[in-house]
Amino acid sequence: MRLTLQVQLTMRVLLGEPDGELYGLELVDATGLPPGTIYPIMARLEGAGWVTSRWEETGPEAMGRPRRRYYRLTADGVARAREALAASDARRRGRRGRRAVGGALPGDALPGGAS
Numbered sequence: 115m116r117l118t119l120q121v122q123l124t125m126r127v128l129l130g131e132p133d134g135e136l137y138g139l140e141l142v143d144a145t146g147l148p149p150g151t152i153y154p155i156m157a158r159l160e161g162a163g164w165v166t167s168r169w170e171e172t173g174p175e176a177m178g179r180p181r182r183r184y185y186r187l188t189a190d191g192v193a194r195a196r197e198a199l200a201a202s203d204a205r206r207r208g209r210r211g212r213r214a215v216g217g218a219l220p221g222d223a224l225p226g227g228a229s
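Each residue of the sequence shown is one higher than the one before, starting from 115 at the first, in this note's numbering.
Listed below in structure tokens is the structure:
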């Protein structure tokens, strides 16, 4: 699965409630991402087996609103999300760590013509 920044953000929110359930608009509110981004992400995560979903049991007419679809990380999803986010964080730290004093990258010419 491709871990875009949006997918990573969504997984971080889900990991904040690893045993809980969140419905789509809660994820929209928590991530700041639009529904047109959240719902395809959730479909991909569910297809990969990282999350499960269920429809709210109460009928929409009883609630006066549309039924909610709740999402929950699977046990495998918790482990894989933590692993994927840790790897992503390590890569990001590695890119930052390659910068030497003054913002130079290894192999860049040093000030004063030395290299």
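Idealized CB from N, CA, C, for every residue including glycine.
With 16 as the cutoff for other CB atoms within 10 Å, does residue i come out buried or exposed?
i    : result
T124 : buried
R209 : exposed
A195 : buried
M115 : exposed
W169 : exposed
M177 : exposed
L159 : buried
Taking DSSP as the reference, what is the three-state secondary structure of residue i?
i    : result
L224 : Per-residue confidence for L224 stands at a pLDDT of 48, beneath the threshold of 50, marking its modelled position as unreliable; the derived number appears in the next sentence. DSSP places L224 in coil when its eight states are reduced to three.
R116 : coil
T145 : helix
R196 : helix
P132 : coil
T151 : helix
E171 : coil
M125 : helix
What are the partner residues of residue i, as DSSP defines its beta bridges?
i    : result
T166 : R186
Y137 : Y184
Start and end of the alpha helix (DSSP H) containing residue i?
i    : result
E175 : 174-177
Taking Cβ positions only, does residue i come closer than 8 Å to chain B?
i    : result
D190 : Chain labels in this structure do not include chain B; a single protein chain is all it has.
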